[in-house]
Amino acid sequence: MYLARTRAEKYASEATIQRSGTEDIMVSGRQFMTPVVRGATLALIFGLAGGVHAQAPFYQGKTLTIVHGRAAGGSGDLRVRAVVPFLQKYIPGNPTIVHEFMDGGGGRKAANHIFNSARPDGLTIGNVGGGVVANAVLGEKGVQYDLDKMPFIGSPYSSTHYVLISRREAGFTTLDKLRQASGVRFGAQSVGHTNYTIARIFAWLLSLKDPKDVTGFSIPERDVALMRGEIDAVVSSDDLLVRQSEWLEKKLIDLHAIIAVPREEKHPRFSYLPEIDGFAKTERERKVLTLFRNLRLTGSPFIVPPATPKDRVEILKEALRKAFRDQEFYKEYRKVVGEDPSPLTPEANEKAIRELPRDAETIDLFKKFAAAGSLPAR
């Protein structure tokens with residue numbers, strides 16, 4: 001562009017004939033521009049140059065940082081790493097993507113950082129577990145972020161079906177027999193854990209008699225305890241249950257009921273099981289299930305600082321939409337994570353947050369399932 005200007009000025013300075021107006025001047029077979037025309041032409045040239053420069057992708061040559069609300073190396077980390085090559089592929093400009101780990105408070109530390117401290121320039125995003133949503137809705141201490149002001153832009157993981165199972169030798173071979181039993185011992189990791197909470201919701205809606213909670217297990221320890229007869233029943237996620245192929249093939253367990261997340265998605269292997277929703281009799285009970293389901297549906301969401309420019313948020317959303325439609329993503333995810341992805345689009349992610357029941361009665365009731373002690377009355 002500098003060259004074009006220099007030549008134009010050089011040719012103009014060689015002219016020996018002056019004319020007024022806006023006509024071009026011909027001297028020795030060359031065409032020269034009057035000052036008015038030359039000025040307009042140069043303005044057009046530089047205007048076009050500016051327009052081309054403005055179209056350069058914002059993310060070109062930049063680094064995008066993903067702040068994880070967890071320690072490195074776990075399943076949540078692997079899920080994000082499976083997404084990253086496709087996020088990079090579909091963000092115009094193909095930025096470098098780096099990882100930062102900010103473990104603490106079940107993701108609260110990272111969420112607080114994204115909401116309050118991270119620069120809202122589109123170059124920092126977060127990825128947190130679903131506990132971040134639950135902590136805010138349930139009013140847990142240490143929450144310094146507002147779900148309704150934090151953009152949620154999608155998740156690679158959202159679908160989890162929870163199946164109530166019992167050890168075959170316990171004798172609860174049918175759901176009716178389970179409901180007639182007393183003192184069924186449920187195993188779980190800890191008070192407040194997802195598996196603990198949903199097991200208590202199952203027991204409540206099925207009107208089990210005096211169920212017992214036995215906690216303190218890792219998942220492998222819990223499964224061993226079930227087979228040894230130290231506990232009678234557990235709630236297992238569908239993916240873990242499928243991996244326990246020996247239990248299914250040798251009929252070491254009985255399957256009783258299921259809660260599908262999302263509700264409309266049926267697991268091909270367990271679709272015959274009764275949905276726990278069918279045992280909810282009141283709006284109060286249905287709201288508890290909706291709360292649990294939507295808390296789980298949020299999966300491992302990506303979040304961005306609230307004041308991030310809308311056009312950059314949309315770039316990130318669209319990149320995730322395209323990634324989740326890419327069949328190569330599904331192959332990579334299976335290879336890295338060892339399970340099938342269950343992506344949640346930005347729109348579905350926002351809808352799940354928006355539709356969370358937040359009335360005091362539902363929240364207080366839900367907290368009783370996540371806490372120690374007897375089940376609430378129905």
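Each residue of the sequence shown is one higher than the one before, starting from 1 at the first, in our numbering.
For every residue, glycine included, the Cβ atom is placed at its ideal position computed from N, Cα and C.
- Counting the other Cβ atoms within 10 Å of the Cβ of Gly278 gives fewer than 16, which makes it exposed.
- With fewer than 16 other beta carbons inside 10 angstroms of its own, Asn116 counts as exposed.
- Distances from the CA of Arg185 to each of Thr174, Gly216 and Glu230 were compared; the closest alpha carbon is that of Glu230.
- The residues Tyr162 and Ile276, in chain order, have a CB closer than 6 Å to that of Ile259 in the same chain once the five nearest residues on each side in sequence are set aside.
- By the CB criterion at 8 Å, Gly69 and Ser158 fall outside the cutoff.
- Approximately 6 Å separates the beta-carbon atoms of Pro301 and Asn349; this is inside 8 Å, confirming the contact.
- Each of Glu328, Gly139, Tyr333 and Tyr90 was checked against the Cα of Arg321, and the nearest Cα belongs to Tyr90.
- For the set Glu221, Ile353 and Lys62, the Cα lying nearest the Cα of Thr290 is the one of Ile353.
- When Cβ pairs closer than 8 Å are counted between the two stretches, the region 100 to 110 is seen to touch the region 127 to 135, the count reaching three or more.
- Under a 10 Å Cβ-count criterion, Val80 is classified as buried, with 16 or more other Cβ atoms of the shown protein chains found around its own Cβ.
- For Ala118, same chain residues with a beta-carbon under 6 Å away, outside a window of 5 residues either side, are Thr124 and Pro305 in chain order.
- For Phe101, the enclosing beta strand (DSSP E) begins and ends at Thr96 to Phe101.
- With fewer than 16 neighbouring CB atoms inside 10 Å of its own CB, Val224 falls in the exposed class.
- Around Pro274, the same chain offers Ala257 as residues with beta carbons nearer than 6 Å, after the five sequence neighbours per side are excluded.
- Pairing Leu344 with Ser155, the inter-Cα distance amounts to about 5 Å.
- Restricted to the region 144 to 197, the beta strand (DSSP E) segments that are unbroken, complete and at least 3 residues in length are 162 to 167 and 185 to 187, listed in chain order.
- Between the region 187 to 198 and the region 329 to 337 there are fewer than three inter-stretch CB-CB distances shorter than 8 Å, so the stretches are not counted as touching.
- If you look at His68, you'll find it in the beta strand (DSSP E) that goes Thr63 to His68.
- Taken through DSSP and simplified to helix, strand or coil, Lys209 comes out as strand.
- In the three-state reduction of the DSSP assignment, Phe58 falls in the coil class.
- Phe302 sits in a strand when the DSSP states are folded into three classes.
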